[in-house]
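A short write-up of the structure that comes next.
There are 2 protein chains.
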Amino acid sequence: MPQNIAKPQDTLDRLTLSLDSGAFVDVQRMLNGMPPADIAHMLESSPPKFRNILWKLIDVDLEGEVLGELPDDLQSHFLSRMDAAEVATITEGLEDDDIADILQQLPDRITWEVLNSMDHQDRARLEQVMLYPDDVAGGLMNTDTITIRARLTLDVVMRYLRRHEDLPPMTDNLIVVNRSDQFIGLLPLRTLLVSDPSTTVREMMITDIDPIPVDTPDDEVARLFERNDWVSAPVVDESGRLLGRITIDDVVDVIREDADHSFMSMAGLDEEEDTFAPVARAAPKRAIWLGINLITAFIAAAAINMFQDTIDKVVALAVLMPIVASMGGVAGTQTLTVLVRGIAMGQVVRNNQNWLLVREVIIGVINGVVWAAVVAVAASLWFDDWNIALIIGAAMVINLVTAAFTGAALPLLLTRFKIDPALAGGVILTTVTDVVGFVSFLGLATMFYA
Amino acid sequence: MPQNIAKPQDTLDRLTLSLDSGAFVDVQRMLNGMPPADIAHMLESSPPKFRNILWKLIDVDLEGEVLGELPDDLQSHFLSRMDAAEVATITEGLEDDDIADILQQLPDRITWEVLNSMDHQDRARLEQVMLYPDDVAGGLMNTDTITIRARLTLDVVMRYLRRHEDLPPMTDNLIVVNRSDQFIGLLPLRTLLVSDPSTTVREMMITDIDPIPVDTPDDEVARLFERNDWVSAPVVDESGRLLGRITIDDVVDVIREDADHSFMSMAGLDEEEDTFAPVARAAPKRAIWLGINLITAFIAAAAINMFQDTIDKVVALAVLMPIVASMGGVAGTQTLTVLVRGIAMGQVVRNNQNWLLVREVIIGVINGVVWAAVVAVAASLWFDDWNIALIIGAAMVINLVTAAFTGAALPLLLTRFKIDPALAGGVILTTVTDVVGFVSFLGLATMFYA
């Protein structure tokens, strides 16, 4: 039977329309028939007033899973209205890393109450995960591992599995541990299913996969998953003891956020920026970025200010000067973007940095000369003045080469000082290209026309 | 045993150093001890001349898998030196979608020869995958499905599986089909392992998961995987017949490229941009983007040109005018960035667009007024002129509100006309904020000082 997938956008559109017209019963029926991740998407894609209405329409037994799929600030928003008992109820049955994320948003007192309301085993498992910040392997892991011993035969393992009601989601391997609970290997379900039941785990297990140390940064974890095509991977402490496992669904979130990070940072925004944040929350965040850029704009203005007399003599300079600055900004941003992504993907290291730097400068020289020629011809035709053509051409070459060098060297330098090049790089770069653009153009003009 | 994960960057650094010093034997040993994805990463992270050396050092039996992990332009680079027999040899054992990708890069004649050298069954499977472009479900799928019939007991299924040497990677479900090969459900391995062997597939299979239609766009496929936490999913044709399955590793690549797309497009770059492309390939690509931006820079210059007389009278205007334009550009880029991401994540639809537009304009007014006041005070102190303070303040408000409106409306409009807002949005936006910034500031000044 052919399946017609309703595009999520269409569903979202219909839902918003029903909300708008107050048809809450329809909304409720639509909403509670969706997978929790889709409900979370609807909440994320709605203006603030609708979010609160939607939340009230969600079935209580879905609330926990929906909450687990929401970004941190929306979790906090809904959690702030709940007491400990409610939190305990809705988090029941969630995965450890999701519960830990949720509890970490709550005031300590409520976290404490929720933990106290759990049974001993659940609490111990959760406290384990909550020991680690959410940007390392320990914060991404779940403790729902199925472990077996190496000396068992596959037949015994099969009978052991059949005693379970269900296996945890995304179980692709059973984890083989020794009697001190230390990781020694993996038995893929695939292997279990095709092998002779009388062989032992030890004979069939894989031992060439390294478990993930608990303090591995999340972007490193993501890279390991991507490179090795893992579905899940075991997490161990410094003594090799098994602590839990990370599954690909949590890694996909890390990959998505890492990739968004560079894009959002270039505009001074957070990678978890709420698209539908209310004015009161969005405006102040944006204002800070505008303030920082205002400082750089005043620095550029100060550069122009030095050449008031020259502009007074040849007013055409004021007309053409933004061209030099803006072309430098665009060229520099291209270089910066290539470098920021290369660094984020772990492609740029000490021994290939110089090659990149040299290549960018060569590109800067080539494109500088090409476009300087075009701009020079255009300027001379426009103002019928060959002096101005020569001046703007020379300034363009200077600025495009500077832009290439700065765009390449800056992210390398910032990274060395542990400053985020995607966030700080753009502001510093445009300050440089503005100042160099104005000073080289107006400076050369001053020498000619003085 | 504690594991010391060698960071890929360290390995890359050592490898580059050995290459530099000509210690090829060391390089060869290091290289061929790595997983194919890591070797591909090393190739991607090396300047062109080293890439060719590295490629020659890779063991022949690893070449196929390494090739499968490379981006398209690097695949083409290495494939262009092979004949059909070599291609046939190295692609043996690769997954269908990877082979299809590789074959699609080759001249038709060679593709034909490679297909002819395969056995009938392999060729039929491949031709199936090659029917579809690589940005829809059909191009992402593999045909290595394990199918079972609903009437079997789990015990029979187990015995059937044990007849296999191995199951395909990332097999988390067996696919249940009817006698016309139409999809009717999934039997998770998890369920198979915990259930009573005497029950039938029909009793235990899941039927509430919709298979993916073969022409579903790849970003939609990625969204389905993310929302539903799938590891693999079946692909069907319009009559519901099973064609293959998509696995999460291929979806992760789509997610990574989609997220990179917005970031790279804003600088006029391709999301598959080769960080280490040689000058001859990188320079022309960059030049085109600079040329497009030059046109917008000339438009801004023409706007200033209308006010030559006013600037001639009050040269301070030339000093301050870039501030108005640049603050508009920054504010507009913030709005554009939020909208571009919201659209890419499928959060923005017809019924919530207006709310976003209104919110952005309100933020524009608030931040416009706040920073206009700051700039006005700063300008009046600098030039000791309250007229100029009022003029720049008013121009700032006008430009920041325009920036907010344009930044929000533009991507909505461009998307409607199927133009990529991440690519075209930035250029159009800065043209608008430059022109409106210069015209409002110099225009108001002309009224005052005329």
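Line by line, the protein sequences are chains A and B. Going by UniProt numbering, the first sequence opens with residue 1, and the numbers climb by one from there. Going by UniProt numbering, the second sequence opens with residue 1, and the numbers climb by one from there. Just so it is clear, CB atoms sit at the ideal spot from N, CA and C, and this is done for glycine as well.
### Task
Please report how far the alpha carbon of E95 (chain B) lies from the alpha carbon of E220 (chain B), in whole angstroms.
Cα to Cα, the separation comes out at about 22 Å.
- Message: Closer than 8 Å between beta carbons: that is the criterion. Which residues of the stretch 267-279 of chain A meet it against chain B?
- Response: Per Cβ criterion, the list reads A267, G268, L269, E273, T275, F276, P278, V279.
- Item | Contact list for N293 (chain A) against chain B, beta-carbon separation under 8 Å | The contacting residues are S326, M327, V330.
Would a check of beta-carbon distances place A318 (chain A) closer than 8 Å to chain B? Closer than 8 Å: yes.
Legend entry - Beta-carbon gap between L115 (chain A) and R109 (chain A) smaller than 8 Å: The answer is no: Cβ separation not under 8 Å.
_Simplified DSSP state of G185 (chain B), which is helix, strand or coil_ = It is a strand residue.
| said: Using the three-state DSSP reduction, which class does S21 (chain A) fall into: helix, strand or coil? | reply: In the structure shown, S21 (chain A) sits in coil (DSSP, three-state: anything other than H, G, I, E or B).
Would you tell me roughly how many angstroms separate the C-alpha atoms of D135 (chain A) and P197 (chain A), rounded to the nearest one?
Our two residues, D135 (chain A) and P197 (chain A), have alpha carbons roughly 41 Å apart in a direct line.
**Prompt:** Should the stretch 250-263 of chain A be called in touch with the stretch 160-167 of chain A, which here means at least 3 C-beta pairs below 8 Å?
**Reply:** By the criterion of at least three beta-carbon pairs nearer than 8 Å, the stretch 250-263 of chain A is not in contact with the stretch 160-167 of chain A.
query = In chain order, which continuous runs of the alpha helix (DSSP H) of length 4 or greater are located wholly inside the stretch 134-167 of chain B?
reply = The qualifying runs are 137-140, 154-161.
Does V27 (chain B) pass the burial test, meaning 16 or more other C-beta atoms within 10 Å, or should it be called exposed?
The residue is buried, with at least 16 neighbouring Cβ atoms inside 10 Å.
Starting from A277 (chain A), trace the beta strand (DSSP E) in both directions and tell me its first and last residue.
Taken as a continuous stretch (DSSP letters only), A277 (chain A) belongs to no beta strand (DSSP E), as it is neither H nor E.
Taking only beta-carbon atoms, is S262 (chain A) less than 8 Å away from chain B? A Cβ of chain B is located within less than 8 Å of the beta carbon of S262 (chain A).
Going by alpha carbons, who is nearest to M264 (chain A) out of B:L224, B:V340, B:R241? Answer by Cα proximity: B:V340.
TODO: Express the C-alpha separation of P322 (chain A) and G443 (chain A) in angstroms, rounding to a whole number.
DONE: Taking the straight line from one Cα to the other gives about 14 Å.
### Task
Can you tell me which of B:D274, B:M345, B:V235 puts its alpha carbon nearest to the alpha carbon of E273 (chain A)?
Of the listed residues, the one whose Cα sits closest to E273 (chain A) is B:M345.
- prompt: Nearest chain A C-beta to V235 (chain B) closer than 8 Å, yes or no?
  reply: By this cut-off, V235 (chain B) is not an interface position.
message = If you measure between the beta carbons of T402 (chain B) and V439 (chain B), is that distance less than 8 Å?
response = Taking 8 Å as the Cβ cut-off, T402 (chain B) and V439 (chain B) do not qualify as a contacting pair.
From what residue to what residue does the alpha helix (DSSP H) around A394 (chain B) run? Judged by DSSP secondary structure, A394 (chain B) falls within the alpha helix (DSSP H) whose first and last residues are 386-416.
Per-residue burial, L186 (chain A) [other beta carbons within 10 Å of its own, 16 or more giving buried]: By the C-beta density criterion, L186 (chain A) is buried, having at least 16 other C-beta atoms within 10 angstroms.
With a CB to CB cut of under 7 Å and the five nearest residues on each side skipped, what residues in its chain are close to L67 (chain A)? The residues are Q75, F78, I90, I102.
Proximal chain B residues relative to F298 (chain A), where beta-carbon distance stays under 8 Å: Close to F298 (chain A), with beta-carbon spacing below 8 Å, are these residues of chain B in chain order: I323, A378.
### Message
Please tell me whether H77 (chain A) has its Cβ less than 8 Å away from any Cβ of chain B.
### Response
Proximity of H77 (chain A) to chain B, defined by a Cβ-Cβ separation below 8 Å, is not satisfied.
- [ ] Would you kindly report the start and end of the unbroken alpha helix (DSSP H) that includes V374 (chain B)?
- [x] In the DSSP assignment, V374 (chain B) falls within the alpha helix (DSSP H) that extends over 350-383.
### Message
Give the list of continuous beta strand (DSSP E) stretches no shorter than 3 residues that lie fully inside the UniProt domain "CBS" (205-263) of chain A.
### Response
You should have 232-236, 242-247.
| From the beta carbon of T446 (chain A), is the nearest beta carbon of chain B less than 8 Å away? | T446 (chain A) does not count as touching chain B.
**Prompt:** With 8 Å set as the bound, which would you pick, yes or no: does the beta-carbon of V156 (chain A) sit closer than that to a beta-carbon of chain B?
**Reply:** No, V156 (chain A) does not count as interfacial toward chain B.
Look up V315 (chain B) in the DSSP assignment and say whether it is helix, strand or coil.
Shown here, V315 (chain B) sits in coil according to DSSP, grouped into three states, outside any helix or strand.
The beta strand (DSSP E) enclosing N173 (chain A), as first and last residue numbers
Taken as a continuous stretch (DSSP letters only), the beta strand (DSSP E) holding N173 (chain A) covers 173-177.
Do T16 (chain B) and V349 (chain A) count as a contact pair if the criterion is CB distance below 8 Å?
With contacts defined as CB atoms closer than 8 Å, V349 (chain A) and T16 (chain B) qualify as a contacting pair.
- request: Use the C-beta contact count for L189 (chain B): other C-beta atoms within 10 angstroms, 16 or more gives buried, fewer gives exposed.
  value: Under this definition L189 (chain B) is a buried residue.
- prompt: Given that a residue counts as buried once 16 or more other Cβ atoms are within 10 Å of its Cβ, and exposed if not, what is A404 (chain A)?
  reply: Buried is the call here.
query: Can you list the alpha helix (DSSP H) stretches of 4 or more residues lying completely in the stretch 56-118 of chain B, in chain order?
result: For the stretch 56-118 of chain B, whole alpha helix (DSSP H) runs of length 4 or above, ordered along the chain, are 60-69, 72-79, 84-91, 96-105, 108-116.
Along the alpha helix (DSSP H) that carries Q128 (chain A), what are the first and last residues, could you check? Note, Q128 (chain A): alpha helix (DSSP H), 120-130.
The stretch 406-419 of chain A in contact with the stretch 276-293 of chain A per 3-pair CB rule at 8 Å
Taking a cut-off of 8 Å for Cβ pairs, the stretch 406-419 of chain A and the stretch 276-293 of chain A do not touch, as fewer than three such pairs fall below it.
Do P278 (chain B) and P71 (chain B) come within 8 Å of each other at the CB atom, strictly closer than that value?
Cβ distance not < 8 Å, so P71 (chain B) and P278 (chain B) don't count as in contact.
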